[in-house]
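Written below as structure tokens is the structure these notes are about.
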Amino acid sequence: MGNNGRRRGGAIGLVVLVGYLVLRFGLLAYREHQEGMSTEGIVLSLLGFAALAFVIIEVINLAYHAHTRRREQALAARHPGAHLVPVRVSRDLGKQIDWAAGALGLPRESVPRRGYGTLVADGNGIGLYSGGSTPTLLVGIPRAALVSVASGDAKAVGRYAFGRVDAIRVLAGDPNAPVWIDVPAYRVVFGFPKHLRGEELDQRVREVASAVGVSVATLPPLR
Numbered sequence: 001m002g003n004n005g006r007r008r009g010g011a012i013g014l015v016v017l018v019g020y021l022v023l024r025f026g027l028l029a030y031r032e033h034q035e036g037m038s039t040e041g042i043v044l045s046l047l048g049f050a051a052l053a054f055v056i057i058e059v060i061n062l063a064y065h066a067h068t069r070r071r072e073q074a075l076a077a078r079h080p081g082a083h084l085v086p087v088r089v090s091r092d093l094g095k096q097i098d099w100a101a102g103a104l105g106l107p108r109e110s111v112p113r114r115g116y117g118t119l120v121a122d123g124n125g126i127g128l129y130s131g132g133s134t135p136t137l138l139v140g141i142p143r144a145a146l147v148s149v150a151s152g153d154a155k156a157v158g159r160y161a162f163g164r165v166d167a168i169r170v171l172a173g174d175p176n177a178p179v180w181i182d183v184p185a186y187r188v189v190f191g192f193p194k195h196l197r198g199e200e201l202d203q204r205v206r207e208v209a210s211a212v213g214v215s216v217a218t219l220p221p222l223r
């Protein structure tokens, strides 16, 4: 199930962000020191800027998560008993959806360049949605077309995210030569989205496969 070559996309993104902040605040501290500000004053100033930046980011995240909750409530009402998984959507995922939907002859909508979505799995198939209280179906794969679900990998999603991360791989079409899409799942940690990986991601894979009624592929096709 799990990917032996562990992806560190989220960790790389965090290192880049921390490095950027250290340089940014270091430059600010240097300028304030040059202007004659005391060490205590510089520390308090930096703490103030850091607190303000954290509050602003948290407010933005709260708005995104409220949007997600409205979407999930609407989807739960529309698909009673379905299994819902919060996921990240991106331009790269949009390209995969175009490829898979074209091969399967399915309609699809334009995928946001970067954002949040919800994967819905039940006995009718798997659907990927974005939007808020009126969800938009980005692509829907009927149960008859699904082959299996597996652990795959995708580009990390986020402004400061780099590398690749584990993802839910949905395989469909010809069982001998299926097409697939890799959808990164996440959970919220202190208001921030964290890509799922390892056993945590594998558990989501098993839950999605069980909800749809397909097998879990232990050897997904490589790119």
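Under my numbering, think of the first position of the sequence shown as 1, with each following residue one higher. Heads up, the beta-carbon is just placed ideally off N, CA and C, and yes, glycines get one too. Quick caveat: nothing in here was measured; it's all calculated off a predicted structure.
Distance, Cα to Cα, residue i vs residue j?
i, j, result
"Pro-107", "Gly-140", "8 Å"
"Arg-164", "Val-87", "15 Å"
"Lys-95", "Leu-119", "17 Å"
"Gln-203", "Arg-91", "26 Å"
"Asn-176", "Tyr-186", "30 Å"
"Val-188", "Gly-48", "25 Å"
"Arg-70", "Asp-174", "36 Å"
"Thr-218", "Ala-51", "45 Å"
Which of the three DSSP states, helix, strand or coil, is assigned to residue i?
i, result
"Gly-127", "strand"
"Ser-210", "helix"
"His-174", "The residue you asked about is not His; residue 174 is Asp in the sequence shown. Here Asp-174 sits in coil by DSSP."
"Thr-218", "coil"
"Val-205", "helix"
"Leu-196", "coil"
"Arg-71", "helix"
"Ala-156", "coil"
"Arg-187", "strand"
"Gly-94", "helix"
"Arg-223", "With a pLDDT of only 48 at Arg-223, under the threshold of 50, the placement of this residue in the model should not be trusted; the figure read from the coordinates follows. Correct three-state label for Arg-223: coil."
Residue i: which of the options sits nearest, CA to CA?
i, options, result
"Leu-138", "Ala-101, Thr-218 and Ala-145", "Ala-101"
"Asp-153", "Gln-73, Ala-74 and Leu-93", "Leu-93"
"Pro-193", "Ala-63, Val-205 and Leu-146", "Ala-63"
"Val-89", "Thr-68, Thr-218, Ala-76 and Gly-198", "Thr-68"
"Val-85", "Glu-72, Gly-191, Ile-97 and Ala-145", "Glu-72"
"Ile-56", "Gly-191, Ser-210, Val-157 and Val-205", "Gly-191"
Please say whether residue j and residue i have beta carbons closer to each other than 8 Å?
i, j, result
"Ser-215", "Ser-148", "yes"
"Ala-150", "Leu-128", "no"
"Val-208", "Ile-168", "yes"
"Gly-123", "Val-212", "yes"
"Val-179", "Ala-103", "yes"
"Ser-130", "Pro-112", "yes"
"Leu-146", "Asp-166", "no"
Let me check one thing: in DSSP terms, what residues is residue i bridge-paired to?
i, result
"Phe-135", "In the sequence on display, residue 135 carries Pro and not Phe. None; Pro-135 has no bridge partner."
"Leu-104", "DSSP output for Leu-104 lists no bridge partner at all."
"Pro-86", "Thr-118"
"Leu-146", "Ala-172"
"Ser-151", "Ile-168"
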